[in-house]
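Number of protein chains: 8
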Amino acid sequence: MYESEIRKILMGVKENHVDINDAIQNLKDLPFQDLGFANIDHHRQIRTGYPEVIYCEGKTVEQVKLIAKAMVEKNVNVLMTRVSKEMYEAVQSLHEQVEYHESARIIFIKCQAIEVSEKKVLVLTGGTSDMPVAEEAALTAEALGSQVVRLYDVGVAGIHRLLSRKDMIEEASVIIAVAGMEGALPSVVGGLVEVPVIAVPTSVGYGAQFNGLAALLAMLNSCASGIGVVNIDNGFGAGYLASSIIKQIEKERKHG
Amino acid sequence: MYESEIRKILMGVKENHVDINDAIQNLKDLPFQDLGFANIDHHRQIRTGYPEVIYCEGKTVEQVKLIAKAMVEKNVNVLMTRVSKEMYEAVQSLHEQVEYHESARIIFIKCQAIEVSEKKVLVLTGGTSDMPVAEEAALTAEALGSQVVRLYDVGVAGIHRLLSRKDMIEEASVIIAVAGMEGALPSVVGGLVEVPVIAVPTSVGYGAQFNGLAALLAMLNSCASGIGVVNIDNGFGAGYLASSIIKQIEKERKHG
Amino acid sequence: MYESEIRKILMGVKENHVDINDAIQNLKDLPFQDLGFANIDHHRQIRTGYPEVIYCEGKTVEQVKLIAKAMVEKNVNVLMTRVSKEMYEAVQSLHEQVEYHESARIIFIKCQAIEVSEKKVLVLTGGTSDMPVAEEAALTAEALGSQVVRLYDVGVAGIHRLLSRKDMIEEASVIIAVAGMEGALPSVVGGLVEVPVIAVPTSVGYGAQFNGLAALLAMLNSCASGIGVVNIDNGFGAGYLASSIIKQIEKERKHG
Amino acid sequence: MYESEIRKILMGVKENHVDINDAIQNLKDLPFQDLGFANIDHHRQIRTGYPEVIYCEGKTVEQVKLIAKAMVEKNVNVLMTRVSKEMYEAVQSLHEQVEYHESARIIFIKCQAIEVSEKKVLVLTGGTSDMPVAEEAALTAEALGSQVVRLYDVGVAGIHRLLSRKDMIEEASVIIAVAGMEGALPSVVGGLVEVPVIAVPTSVGYGAQFNGLAALLAMLNSCASGIGVVNIDNGFGAGYLASSIIKQIEKERKHG
Amino acid sequence: MYESEIRKILMGVKENHVDINDAIQNLKDLPFQDLGFANIDHHRQIRTGYPEVIYCEGKTVEQVKLIAKAMVEKNVNVLMTRVSKEMYEAVQSLHEQVEYHESARIIFIKCQAIEVSEKKVLVLTGGTSDMPVAEEAALTAEALGSQVVRLYDVGVAGIHRLLSRKDMIEEASVIIAVAGMEGALPSVVGGLVEVPVIAVPTSVGYGAQFNGLAALLAMLNSCASGIGVVNIDNGFGAGYLASSIIKQIEKERKHG
Amino acid sequence: MYESEIRKILMGVKENHVDINDAIQNLKDLPFQDLGFANIDHHRQIRTGYPEVIYCEGKTVEQVKLIAKAMVEKNVNVLMTRVSKEMYEAVQSLHEQVEYHESARIIFIKCQAIEVSEKKVLVLTGGTSDMPVAEEAALTAEALGSQVVRLYDVGVAGIHRLLSRKDMIEEASVIIAVAGMEGALPSVVGGLVEVPVIAVPTSVGYGAQFNGLAALLAMLNSCASGIGVVNIDNGFGAGYLASSIIKQIEKERKHG
Amino acid sequence: MYESEIRKILMGVKENHVDINDAIQNLKDLPFQDLGFANIDHHRQIRTGYPEVIYCEGKTVEQVKLIAKAMVEKNVNVLMTRVSKEMYEAVQSLHEQVEYHESARIIFIKCQAIEVSEKKVLVLTGGTSDMPVAEEAALTAEALGSQVVRLYDVGVAGIHRLLSRKDMIEEASVIIAVAGMEGALPSVVGGLVEVPVIAVPTSVGYGAQFNGLAALLAMLNSCASGIGVVNIDNGFGAGYLASSIIKQIEKERKHG
Amino acid sequence: MYESEIRKILMGVKENHVDINDAIQNLKDLPFQDLGFANIDHHRQIRTGYPEVIYCEGKTVEQVKLIAKAMVEKNVNVLMTRVSKEMYEAVQSLHEQVEYHESARIIFIKCQAIEVSEKKVLVLTGGTSDMPVAEEAALTAEALGSQVVRLYDVGVAGIHRLLSRKDMIEEASVIIAVAGMEGALPSVVGGLVEVPVIAVPTSVGYGAQFNGLAALLAMLNSCASGIGVVNIDNGFGAGYLASSIIKQIEKERKHG
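Residue numbers (my numbering), protein chains in the order written: chain A, 2 to 257; chain B, 2 to 257; chain C, 2 to 257; chain D, 2 to 257; chain E, 2 to 257; chain F, 2 to 257; chain G, 2 to 257; chain H, 2 to 257.
Shown next, in the form of structure tokens:
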């Protein structure tokens with residue numbers, strides 16, 4: 002396809018119905034198409050209802066609003082993470098479908114319908130306090146088209162609750178395990194399942210938890226195999242990674 | 002299914018063709034069956050030629066030999082990681098197919114043939130010095146049935162080499178990016194592709210690299226989305242995680 | 002007892018005075034009783050007036066209130082740690098006996114009388130500023146039925162005050178030593194006594210105290226033997242551990 | 002009481018039925034008795050067969066030998082920790098009962114018989130590589146008179162093995178949980194039992210395990226209550242603390 | 002020139018038209034001129050319009066105002082960094098040309114015109130959130146006479162934007178690369194150019210970014226050569242260093 | 002001597018010229034006299050106008066007021082460190098001489114005149130922002146009777162100012178060097194003088210200064226000999242240590 | 002130039018003397034030429050006698066030899082850093098000009114003459130033990146064509162030696178300051194000069210120097226402006242950065 | 002004095018018996034004379050028998066020998082720290098009085114007799130393993146002319162031994178407290194005495210002692226006042242600081 006595009010332009014030049022200056026302009030953009038897969042993605046995003054993502058922390062309300070506005074005008078879905086209430090107030094009138102999830106600090110502007118995957122992402126938390134991060138993961142995965150199942154507060158102290166939902170575990174294609182404190186949940190889960198486990202350390206805890214460091218180190222050192230770790234409190238990253246796995250499976254499901 | 006098992010036992014008791022003591026014995030075991038998925042896995046391992054894994058660091062040569070011997074006698078494949086040369090010498094006569102990869106510190110005892118996946122894992126390294134860890138990842142993934150493609154020494158300074166192999170990248174279903182020093186490779190790769198990326202920080206570097214800490218932190222903080230990180234120098238973990246993803250895709254490919 | 006319960010149900014089924022569906026319902030809960038010793042504890046808690054514990058940090062006021070309400074309705078004692086004033090205001094009308102300890106950040110809802118142990122826990126602090134953590138420990142231990150003796154502000158500079166209360170020390174079965182700054186108190190105490198010492202580092206101090214890290218490391222490295230350390234500022238954990246020791250001794254005292 | 006002792010001696014002197022030299026001898030010990038409980042311990046040690054402990058790391062072989070010799074001459078049991086093979090060779094002829102445990106790096110010189118406790122200490126390890134530390138704990142506890150039960154290699158991946166030995170767990174009065182890597186074992190165990198749990202992080206692992214730091218932090222942040230943590234690889238400290246708890250229970254068992 | 006000043010004074014003394022006490026007064030300052038090259042700079046600063054710099058963090062508004070006032074009275078340019086809004090309000094009436102850059106936290110009081118360099122400093126940022134630090138760098142460099150070109154938001158995810166501005170890169174004599182998160186920008190840029198690169202890690206990010214530590218370590222460990230790193234968020238330092246390089250080149254350009 | 006004291010008392014009792022109650026009183030104090038040199042100090046403090054010190058951080062306003070009141074009633078000088086404005090308001094009416102130093106966060110209640118030393122403590126700072134810590138040191142030393150000379154803002158960039166005051170340096174018996182950022186001042190000073198240098202790292206700086214850690218490490222690693230370091234921002238500790246040195250010299254000066 | 006290349010190809014196609022397939026081939030390569038400045042550099046390297054650099058740590062002797070051989074065959078200068086003696090032995094026969102600097106761990110294979118710059122790099126060290134790192138910097142800079150002046154052992158304790166060589170300082174266009182321990186040298190030097198200063202922390206020191214961390218932090222926090230820091234012990238990086246600055250000045254000197 | 006020097010030169014110029022060029026030369030040199038106090042010290046060292054110090058770690062045997070030889074030829078005492086056995090063998094024939102202290106890693110070449118102070122330095126250690134560091138301190142202090150008293154192995158567990166030597170403590174003018182593990186000794190000692198205490202953390206310990214970090218932090222955070230801390234294992238620094246205090250007292254004793 003890429004080669005054929007060049008060929009088409011060259012043929013146009015050769016056959017004199019394409020102006021050389023226009024050809025130069027088009028060819029000058031090629032490297033970026035070649036380098037920046039993101040651009041190609043970008044086109045696909047518009048086509049598939051895939052969202053553009055804005056990481057809002059460290060940006061001003063005004064900056065965030067301008068970026069969101071530009072995207073909404075392109076009619077793409079917009080996923081905004083780490084938002085403040087002020088940001089929500091600034092963007093809520095941009096579109097009729099602006100969902101605000103306060104504790105997860107997420108805004109989702111749904112300009113396009115989303116095709117939901119058949120394969121499932123299971124999101125687990127160790128405790129109630131890990132829920133905002135877990136919701137960031139779950140909402141991100143949903144915005145990216147993954148079907149998400151939530152099972153919260155199933156940490157070491159309540160592991161029997163997890164075990165009693167064997168059905169949920171067996172139906173998941175990817176598991177996101179969110180935990181603070183000593184971060185043991187992914188190790189326990191990873192010992193029980195065969196599917197990929199994405200571990201999200203949270204800053205829940207105090208003292209020598211060092212804002213998530215204890216959980217992070219525990220997850221990196223898990224004696225269970227097959228665990229990929231994301232940054233502390235990075236629900237978004239986990240949701241994104243889970244969806245990129247789901248997407249590979251779905252691709253096979255449909256075309257395999 | 003679980004409920005139906007209990008019902009069957011109870012019906013048996015009710016209808017007097019199951020002895021109460023036998024029923025008690027069966028019902029008492031329920032929790033362990035529920036817990037120990039690993040055991041079920043274990044049977045599948047034997048059936049599918051899946052390897053048993055021995056992490057050899059911190060074990061004596063004698064311990065390692067005894068464990069390996071017991072496994073070989075069960076006729077399962079055995080993947081031994083972090084081995085020493087002494088360990089190789091101790092186990093090399095256990096079976097006719099004992100492969101020893103010195104720099105990767107891996108021994109693979111192939112008692113069973115492996116079915117190789119159609120989907121591919123691409124293993125990248127930033128530099129030549131990251132190769133032992135990359136090989137640990139690649140050999141692990143191969144031992145677990147994944148088809149592996151290697152592309153080494155394509156770090157930031159040589160990124161054009163990576164870009165010139167667009168075909169390789171486009172054919173991969175999972176990418177493992179192994180890098181030391183500043184650990185920027187996964188960020189660059191993650192910006193170019195859509196498939197899941199597994200980042201492996203290595204202890205290659207000196208000074209403020211702090212034995213892999215710099216690369217680890219960089220990977221955890223990648224501005225590219227969809228990256229899962231494993232422990233420093235943990236090639237095994239990356240190979241295992243990649244294979245668990247491949248397995249989900251393959252399952253769909255075959256049965257989807 | 003456990004086995005006899007199953008037998009009773011089975012006999013009921015066999016003898017037709019227990020419906021199979023009711024039996025299934027009861028037996029379905031068994032695995033959790035078997036796995037989750039906590040559940041068995043839970044029954045004992047109701048019986049013995051043992052409290053349920055709610056760690057309130059990171060939970061919303063609403064969440065905390067709902068959990069507390071559910072527990073009060075089961076008529077169990079409720080120990081709430083790391084509470085805010087708002088939480089107190091939200092729960093104070095749930096029961097007539099809601100004790101609020103502001104500096105210790107503890108709420109205790111006493112639905113049941115507590116049987117106080119004969120054996121004593123001695124709680125020491127290095128300084129006045131360590132008192133909130135010490136109170137968290139003392140109130141926890143009391144809520145769990147331990148008799149608690151307090152001796153505060155007996156750090157290195159005032160160690161003669163400790164020495165002059167030899168009686169207190171000799172009567173304790175467990176000692177909790179709470180200290181910030183350089184955390185030397187457990188070392189000094191541990192050199193003087195034979196009973197188990199639980200060391201609680203506090204974040205009291207500044208600069209290179211690094212919010213309790215200095216005290217934590219000192220306690221972990223104590224040259225005195227027989228010291229168990231809990232997390233920084235973790236008065237609750239110390240009180241709980243002390244009480245679990247007291248309970249073992251009391252069990253022997255009563256039944257030994 | 003303290004005052005009355007002095008008064009009695011003084012009255013004796015005043016009334017001439019106490020010799021001044023005897024009075025001086027008694028009064029001279031007061032400060033040390035008051036301060037140095039260790040001295041009183043020391044006498045008890047000789048009487049009860051309690052061992053003297055020599056921490057050998059950082060001492061020369063010659064120093065270690067001299068200290069051990071002096072103790073053996075006092076006919077007390079001697080527990081030597083962190084010994085080298087050279088130290089063993091230097092002391093093995095000091096007494097006929099010199100036990101050397103190479104992997105645990107412990108020497109025990111048994112000059113006196115030990116009365117073994119009825120109550121039990123259960124020592125668990127996460128993996129095979131944690132065994133040397135676990136043995137240091139177990140041998141220490143035994144040298145201090147505790148009855149020890151060992152259950153090794155029951156980490157997260159093999160937790161069903163632990164659960165299948167419910168009898169062992171239920172009979173223990175104290176549990177020592179030794180684990181490296183992510184250090185999740187104490188959390189899992191602490192969620193299952195009521196007795197005090199002593200957590201020993203080990204330096205087993207690599208990369209971001211940071212020589213035991215990951216396991217240490219995990220244990221300090223355990224969401225399970227009632228856990229006391231000792232220094233990394235500090236089997237001795239765990240064995241000592243467990244024994245000090247056992248001793249309190251035994252005291253009650255005998256005299257309660 | 003320096004020597005000639007001394008000679009002039011001495012000649013004045015010798016020829017009796019300079020009073021010895023006046024001469025002493027003047028010469029008493031010499032050592033500091035000789036030692037403190039800064040003082041000589043100071044004279045040059047007055048002459049060239051070079052600014053005095055006030056680092057305002059940790060100083061009171063009153064202190065800042067007094068220092069600025071004294072400098073303005075000497076008619077030199079004043080660059081104030083890390084200012085607060087209160088400081089701006091306190092100094093804005095000191096001169097008619099008081100520029101306040103709120104997000105960069107910089108005040109520039111332009112008492113003298115600045116000669117702008119022909120050679121250029123290119124300031125890059127990884128993301129939008131790095132802009133305040135980048136502006137601190139750019140404004141500092143401009144205050145010191147460097148011509149500055151800005152190119153923001155060209156991080157790994159948008160590197161094609163950087164590549165499409167090859168002209169900008171090729172015209173720069175020094176590049177300042179400002180980035181948070183994983184700090185990979187300097188590595189990528191350093192691999193593309195030959196000119197000196199100054200890397201500025203920012204505290205933009207969260208979790209294991211540890212307030213800039215992740216980016217700092219990445220930049221120190223860059224596999225690209227020719228990179229000098231400044232402190233986290235130290236835009237001023239980068240702007241100053243860039244200008245000191247520009248100055249060396251300009252000197253050669255003019256007098257070479 | 003110690004034995005002879007006891008003998009003397011006992012002889013007095015035996016020979017009836019010492020009352021038993023007096024003897025008890027004396028003998029009861031033995032351990033504390035032996036241990037608690039502080040007590041002897043305490044008496045000397047009252048006699049010499051030496052202050053009692055209250056570290057106020059972490060204490061409530063009410064606690065601080067009660068302690069201060071009790072001390073003022075004993076008519077001793079009271080030095081209160083790390084005070085808040087509220088604490089000043091609470092104690093200012095306790096005595097007519099309540100000095101409040103806001104930036105140094107010190108209150109000094111001067112109930113007794115202080116005899117000022119002949120020997121001098123020189124207090125240096127690297128920058129203006131280090132002044133609050135330096136003042137804590139200077140005011141502490143003055144409260145303890147040391148003559149203090151201040152020389153501020155003489156850091157590396159302004160070292161000629163320090164050198165120009167050679168007289169000040171030569172007259173000092175102890176030097177306190179207070180510096181933040183890279184903490185180089187004590188190294189430079191220590192290379193110039195022979196007297197003891199007390200280094201005080203401050204938390205002045207940002208980024209990789211890590212709240213004083215950079216300065217602390219620099220001072221501990223100074224290549225200049227004869228430097229003792231105190232905690233970050235610990236002006237009080239430096240003033241106290243300096244005064245304890247001055248006191249030893251003064252003792253010799255008077256009685257030598 | 003870039004645009005003109007495309008135009009030339011297009012004109013060739015239009016005018017029928019360039020085959021379309023050849024045109025496609027050329028246009029497909031554009032992005033890599035655009036991205037890989039390194040390649041262009043590479044050609045310039047061959048032309049100008051610029052060295053290729055091999056970082057040898059973590060590579061096997063065999064790998065190092067093969068890379069060096071390939072380069073020597075291209076007749077370029079080869080700079081090998083972090084070499085071992087074995088590596089020297091392996092490559093010494095590759096060319097007649099193989100210089101081995103043992104303490105600096107550098108091999109330089111001089112296949113081409115080097116044009117030495119007129120402008121100078123001054124390399125300073127704090128102490129004798131910093132010399133290997135300083136030599137790595139100096140030899141690197143020389144290999145890259147910079148004229149280097151060395152002035153060693155001029156740390157804080159010997160700063161008068163530095164000051165007495167004012168001539169050397171004034172003639173330098175860039176200064177590399179290498180120091181371990183507290184790393185104060187760059188701060189002192191930076192306060193004296195106007196030229197860019199490159200700071201190299203070394204791991205020289207012990208205890209809280211933490212293998213160079215103390216020096217690194219000090220240098221990053223220098224109160225002197227205009228300092229760029231490289232990794233701990235990274236003499237190569239400093240030499241490279243210095244040379245890239247020299248090159249910019251020289252370019253101006255020749256063509257300005 | 003300084004002003005009068007300038008005046009003398011000016012008068013000479015005015016009165017024509019000083020040449021202007023000579024005057025310029027002299028005036029230009031003023032700063033260096035002002036800076037180099039060290040030189041004056043150096044002369045005093047030769048005069049008083051004060052030693053030159055060579056820090057030998059990181060230097061080659063050859064370098065060390067050359068420096069020592071040069072010093073011995075100047076007939077000054079030479080204190081060599083951190084020596085290896087090879088260094089001793091290299092220098093032992095340089096003089097008839099070469100003392101080698103192997104465990105303290107010190108060589109002292111006594112070319113001149115030392116005048117011993119009347120005032121005493123007391124060196125304490127927590128344990129036997131701290132002795133090498135303590136000896137480095139004691140031998141350094143002795144080489145610098147201080148009278149040293151040693152009291153080893155008086156840590157927290159054996160504090161009664163310290164208390165029983167009240168005489169030693171009362172006679173000391175400075176105390177050096179050397180301790181590893183939790184580093185509590187200086188806190189305990191500092192609470193008992195009035196004289197300055199120099200705290201030396203040692204790397205004795207394991208696990209979370211982090212090679213002396215735990216002891217270092219404890220000492221910096223001591224709740225006892227009047228403690229100055231030196232680097233981990235820095236016996237030399239402590240001995241030097243103690244001697245600089247002794248010297249100030251002795252000066253007063255002799256001339257006061």
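Every residue gets a Cβ at the ideal spot worked out from N, C-alpha and C, and that includes glycine.
Q) Can you list the alpha helix (DSSP H) stretches of 4 or more residues lying completely in the region 153-229 of chain A, in chain order? A) 160-164, 167-172, 186-193, 214-221
Q. Cα-Cα, which of S118/B, Q210/B, Q98/B, A71/B is closest to C112/B?
A. Against the second sequence, residue 112/B aligns to sequence position 111. Of S118/B, Q210/B, Q98/B, A71/B, the residue nearest in Cα terms is Q98/B.
(Q) If we define contact as Cβ-Cβ less than 8 Å, is I1/B a contact residue for chain A? (A) Nothing about residue 1/B can be reported from this structure: the residues present for chain B run from 2 to 257 only.
Q. Ordered along the chain, which non-local residues of its own chain (more than five positions away) have a Cβ less than 6 Å from that of P202/A?
A. Mapped onto the first sequence, residue 202/A falls at position 201. For P202/A, where only same-chain residues beyond five positions count, the Cβ hits under 6 Å are G184, G213, A216, L217, M220, I233.
Q | Where the alpha helix (DSSP H) containing K70/C begins and where it ends | A | As a first step, residue 70/C is located in the third sequence; it is residue number 69 there, counting from the start. First-last of the alpha helix (DSSP H) with K70/C: 62-74.
Q | CB contact below 8 Å: N222/G versus chain E | A | Locating residue 222/G in the seventh sequence gives position 221, counting from the first residue. Chain E, which has a Cβ nearer than 8 Å to the Cβ of N222/G, makes this yes.
Q: Report yes if the C-beta of V155/G is less than 7 Å from at least one heavy atom of the ligand NAD; otherwise report no.
A: This structure lacks the ligand NAD, and indeed carries no ligand of any kind.
Q. For I247/D, which option in N22/D, G192/D, I176/D has the closest C-alpha, if you only look at C-alpha atoms?
A. Working through the fourth sequence from its first residue, we reach residue 247/D at position 246. The option with the nearest alpha carbon to I247/D is I176/D.
Q. By the 10 Å Cβ neighbour count, where 16 or more other Cβ atoms means buried, how is N235/G classified, buried or exposed?
A. One-based indexing of the seventh sequence puts residue 235/G at position 234. Classification of N235/G: buried, given that the 10 Å Cβ count is 16 or more.
Q: Leaving out five residues on either side along the sequence, give the residues of the same chain with a beta carbon under 8 Å from the beta carbon of E16/A.
A: Within the first sequence, residue 16/A is the residue found at index 15, counting from 1. Closer than 8 Å at Cβ, skipping near neighbours: no residue.
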